[in-house]
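Novice: Take a look at this one; I'll ask things after.
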DNA sequence: TATTCCTCGTGGTGATTCAC
DNA sequence: GTGAATCACCACGAGGAATA
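Residue numbers (this note's numbering): 733 to 1065.
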């Protein structure tokens, strides 16, 4: 790595990512979900989309629910009356998409043109009135399953929980409900560039109480992550970080800091604190020396992070090729 | 088909408090 | 005095979904 520039590494990373997106992954013969292994037969893989869809549905949903809602609805959308029934049932429990679901249920039996239906649904989506719901812990648990995130802070080791949503209204419901129920406030932050909002819980006591409440009220897809986070005390921060990363899959994989990266971040954080103290005591020279050291460490940190991402990409691509992945000719520009 | 939007997961920074 | 822990705020990239 010595002598390699950040710009050069970034170009290599971009090239590897380009290669990775042009790979046709090896055939999948089985997959595991919910502790069960599902075999995928060649016909389902090769041509029968419905067959593969049914398999996935069986794996990821409740058997009864999937029969009622899933396999055929996506295929027959627009003419199956069970779609209308499903939309009506969902509308009874939905806060955010009630108007759209009611419209969908009505339109399936109306004579309106497909184009007209499409415009009406789009208008309902824009105009959806966010009437205040009967906010409850089961509602928050369900919302968190879909939009929540549990993280261990890289340089502090602190547990953090966040909810993200483009519409700030729902986050305010949750913040208000929680303040009323538990007497503590949450920080709500709006992302400048995208306009999306995030609700943060960072006080360690509040994080623990919140996770326990979510678990007690039906948290499902993030259950394992929440239990792992709550095991802190018996397990090290690094192990919890690693476990949470594994549970969240490959998303943002190449952004994650390695254990060495976390140590660098912690060192920088400690030096920054010292510099700040020297500055506050008027020891300007010492503060300036530390600032120079911090800048050098930050450059090294950035370069090392890029190198780690590059090595991980290399290794992932090699493994895929070993397993039978090939370049997709149709994606070669 | 290209572009924009939206969500998820992640990292950085500064201030304050606490323990040694 | 110092390092560790905590809290609060801010921001961005990836990639799938929605839209033009």
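Beta carbons: idealized from backbone N, C-alpha and C, even for Gly.
Are there three or more Cβ pairs, one per stretch, closer than 8 Å when the region 1001–1010 is compared with the region 1033–1046?
Specialist: no
Novice: Which residue or residues does DSSP assign as beta-bridge partners of residue 892?
Specialist: On the first chain, residue 892 is found 160 positions in, with the first residue counted as 1. According to DSSP, which records beta bridges pairwise, residue 892 is partnered with 883.
Novice: Would you kindly work out how many angstroms separate the C-alpha atoms of residue 1004 and residue 937, rounded to a whole number?
Specialist: Counting from one through the first chain, the residue named residue 1004 turns up at place 272. Counting from one through the first chain, the residue named residue 937 turns up at place 205. Distance between the alpha carbons of residue 1004 and residue 937: 26 Å.
Novice: Look up residue 962 in the DSSP assignment and say whether it is helix, strand or coil.
Specialist: Looking up residue 962 in the first chain gives position 230. If DSSP states are grouped into helix, strand and coil, residue 962 belongs with the helices.
Novice: Do three or more CB pairs link the region 894–913 to the region 974–981 at distances below 8 Å?
Specialist: no
Novice: Based on DSSP bridge pairs, tell me the residues matched to residue 921.
Specialist: Along the first chain, one-based indexing puts residue 921 at 189. For residue 921, which the question treats as bridged, DSSP gives the partners 930.
Novice: In this structure, how does DSSP classify residue 951 when only helix, strand and coil are distinguished?
Specialist: Locating residue 951 in the first chain gives position 219, where the first residue counts as 1. In the structure shown, residue 951 sits in coil (DSSP, three-state: anything other than H, G, I, E or B).
Novice: Who are residue 1058's beta bridge partners in DSSP?
Specialist: Position 326 of the first chain, counted from the first residue, corresponds to residue 1058. Looking at the DSSP assignment, residue 1058 forms a beta bridge with 756.
Novice: What residue range is occupied by the uninterrupted alpha helix (DSSP H) comprising residue 1010?
Specialist: To locate residue 1010, count along the first chain from 1; it is residue 278. Residues 991–1012.
Novice: Compare the C-alpha of residue 744 against each of 835, 1000, 874 and 1046 and name the closest.
Specialist: On the first chain, residue 744 is found 12 positions in, with the first residue counted as 1. Looking at the Cα atoms, 1046 is the closest of the given residues.
Novice: Is the separation between the beta-carbon of residue 884 and that of residue 969 shorter than 8 Å?
Specialist: Against the first chain, residue 884 aligns to sequence position 152. Against the first chain, residue 969 aligns to sequence position 237. Contact flag set, yes.
Novice: Applying the 10 Å Cβ sphere with the 16-neighbour rule, what's the burial state of residue 942?
Specialist: For the purposes of this step, residue 942 is taken as residue 210 along the first chain, with counting starting at 1. So residue 942 ends up on the buried side.
Novice: From the DSSP output, read off the bridge partner residues of residue 897.
Specialist: The residue you call residue 897 lines up with position 165 of the first chain. 929, per the DSSP bridge assignment.
Novice: Taking just the CA atoms, how far does residue 1000 sit from residue 1026?
Specialist: To locate residue 1026, count along the first chain from 1; it is residue 294. To locate residue 1000, count along the first chain from 1; it is residue 268. Computed Cα separation, rounded: 6 Å.
Novice: Assuming residue 993 contacts residue 1036 under a Cβ cut-off of 8 Å, what Cβ separation, rounded to an integer in Å, is found between them?
Specialist: Position 261 of the first chain, counting from 1, holds the residue named residue 993. Position 304 of the first chain, counting from 1, holds the residue named residue 1036. Sure, about 7 Å apart at Cβ, within 8 Å.
Novice: Can you find the residues in the same chain that come closer than 6 Å, C-beta to C-beta, to residue 939, ignoring five residues on each side of it along the sequence?
Specialist: As a position in the first chain, residue 939 is number 207, starting the count at 1. Cβ contact annotation for residue 939 (same chain, cutoff 6 Å, sequence separation greater than five): 891, 893 and 933, in chain order.
Novice: Anyone know if the C-beta pair for residue 718 and residue 895 falls short of 8 Å?
Specialist: Lying outside 733 to 1065, the shown extent of the chain, residue 718 is not represented and no answer is given.
Novice: List the endpoints of the continuous alpha helix (DSSP H) containing residue 969.
Specialist: In the first chain, counting from the first residue as 1, residue 969 sits at position 237. From DSSP, the alpha helix (DSSP H) with residue 969 extends over 969–980.
Novice: Between residue 882 and residue 954, is the Cβ-Cβ spacing less than 8 Å?
Specialist: Here residue 882 corresponds to residue number 150 of the first chain, with the count starting at 1. Here residue 954 corresponds to residue number 222 of the first chain, with the count starting at 1. The answer is yes: Cβ separation under 8 Å.
Novice: For residue 990, collect the residues of the same chain with a Cβ closer than 6 Å to its Cβ; drop the 5 residues on either side in sequence, then sort them by chain order.
Specialist: Here the question's residue 990 lines up with position 258 in the first chain. Closer than 6 Å at Cβ, skipping near neighbours: 1040.
Novice: Is the beta carbon of residue 751 closer than 8 Å to that of residue 1049?
Specialist: For the purposes of this step, residue 1049 is taken as the residue at position 317 of the first chain. For the purposes of this step, residue 751 is taken as the residue at position 19 of the first chain. Taking 8 Å as the Cβ cut-off, residue 1049 and residue 751 qualify as a contacting pair.
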